[in-house]
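Asks: Structure incoming, see below.
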Amino acid sequence: DPRNIYWKKSLSTERLVVREYENHESRALILELHMASKRHELNDEHCIAVWASLGESLLAQGLKVGFSGPGLNIAAQSGVRQRDIMLYEMARLDCTKATLPPQHRSQIDRICLVGPRASSQDINMTSIQIAPPLKDEVT
Numbered sequence: 120d121p122r123n124i125y126w127k128k129s130l131s132t133e134r135l136v137v138r139e140y141e142n143h144e145s146r147a148l149i150l151e152l153h154m155a156s157k158r159h160e161l162n163d164e165h166c167i168a169v170w171a172s173l174g175e176s177l178l179a180q181g182l183k184v185g186f187s188g189p190g191l192n193i194a195a196q197s198g199v200r201q202r203d204i205m206l207y208e209m210a211r212l213d214c215t216k217a218t219l220p221p222q223h224r225s226q227i228d229r230i231c232l233v234g235p236r237a238s239s240q241d242i243n244m245t246s247i248q249i250a251p252p253l254k255d256e257v258t
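Taken in order, the sequence shown gives residues 120 to 258; the numbers are from this note's numbering.
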């Protein structure tokens with residue numbers, strides 16, 4: 120396709136240079152959830168809702184997404200079946216269990232969601248701090 124030819128670079132190198140694009144469908148990542156050791160039911164539910172929402176959004180974009188959290192480890196897959204598995208497992212999640220170490224290949228990206236009151240100091244990966252729920256949400 121001529122639209123993928125990088126014409127400027129092709130002229131300067133006197134060789135045809137074609138732009139290459141990364142296929143997002145082949146990318147995979149693990150969303151890990153780390154929660155505070157002090158349990159607070161409202162914060163736990165809020166963290167799980169944020170975790171599920173992010174996972175659902177990434178799955179809708181065609182990415183392979185895995186999940187690791189308290190007593191939960193789901194391998195990275197894509198599609199509607201993965202979304203259904205994720206939602207089912209998160210609905211029955213026991214937040215008192217320890218976060219399981221993800222069992223994945225090393226080339227899979229990992230993103231850690233850190234719940235309110237949890238420390239992200241010991242986490243050596245990309246992490247996102249989850250804000251506590253707004254007071255309006257507490258009804």
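Note that the Cβ used here is the ideal one computed from N, Cα and C, for glycine as well.
Note that the coordinates shown come from a computational prediction; the quantities given were computed from them, not determined experimentally.
1. Go ahead and pull the three-state DSSP assignment for K100.
2. According to DSSP, simplified to helix, strand and coil, what is S197?
3. Is it buried or exposed, V137, if we count other Cβ atoms within 10 angstroms and call 16 or more buried?
4. Mind checking which residues open and close the beta strand (DSSP E) that includes L182?
5. Just to confirm, are L212 and G190 a CB contact at a threshold of 8 Å?
6. Taking the straight line between their C-alpha atoms, what separation do you get for E151 and G181?
7. Examine the ligand ZN and report whether any of its heavy atoms sits within less than 7 Å of the Cβ of V169.
8. Quick one: measure Cβ to Cβ for I227 and A179, integer angstroms, because I've assumed they're closer than 8 Å.
9. Would you kindly check if the distance between the Cβ of R202 and the Cβ of E164 is under 8 Å?
10. How should A250 be labelled, buried or exposed, when 16 other C-beta atoms within 10 angstroms of its C-beta is the threshold for buried?
11. Using DSSP with H/G/I as helix, E/B as strand and the rest coil, what is V169?
12. Helix, strand or coil: which one does DSSP assign to D203?
Replies: So, to answer that:
1. Nothing about residue 100 can be read from this structure; the chain reaches only from 120 to 258.
2. coil
3. exposed
4. Taken as a continuous stretch (DSSP letters only), L182 belongs to no beta strand (DSSP E), as it is neither H nor E.
5. The criterion of a C-beta distance shorter than 8 Å is satisfied by L212 and G190.
6. 19 Å
7. As presented, the structure is devoid of all ligands, the ligand ZN included, so that no description of it is given.
8. Actually they do not touch by this definition, with Cβ atoms about 19 Å apart.
9. No, they are not a contact pair.
10. exposed
11. The answer is helix: DSSP assigns V169 an H, G or I state.
12. helix
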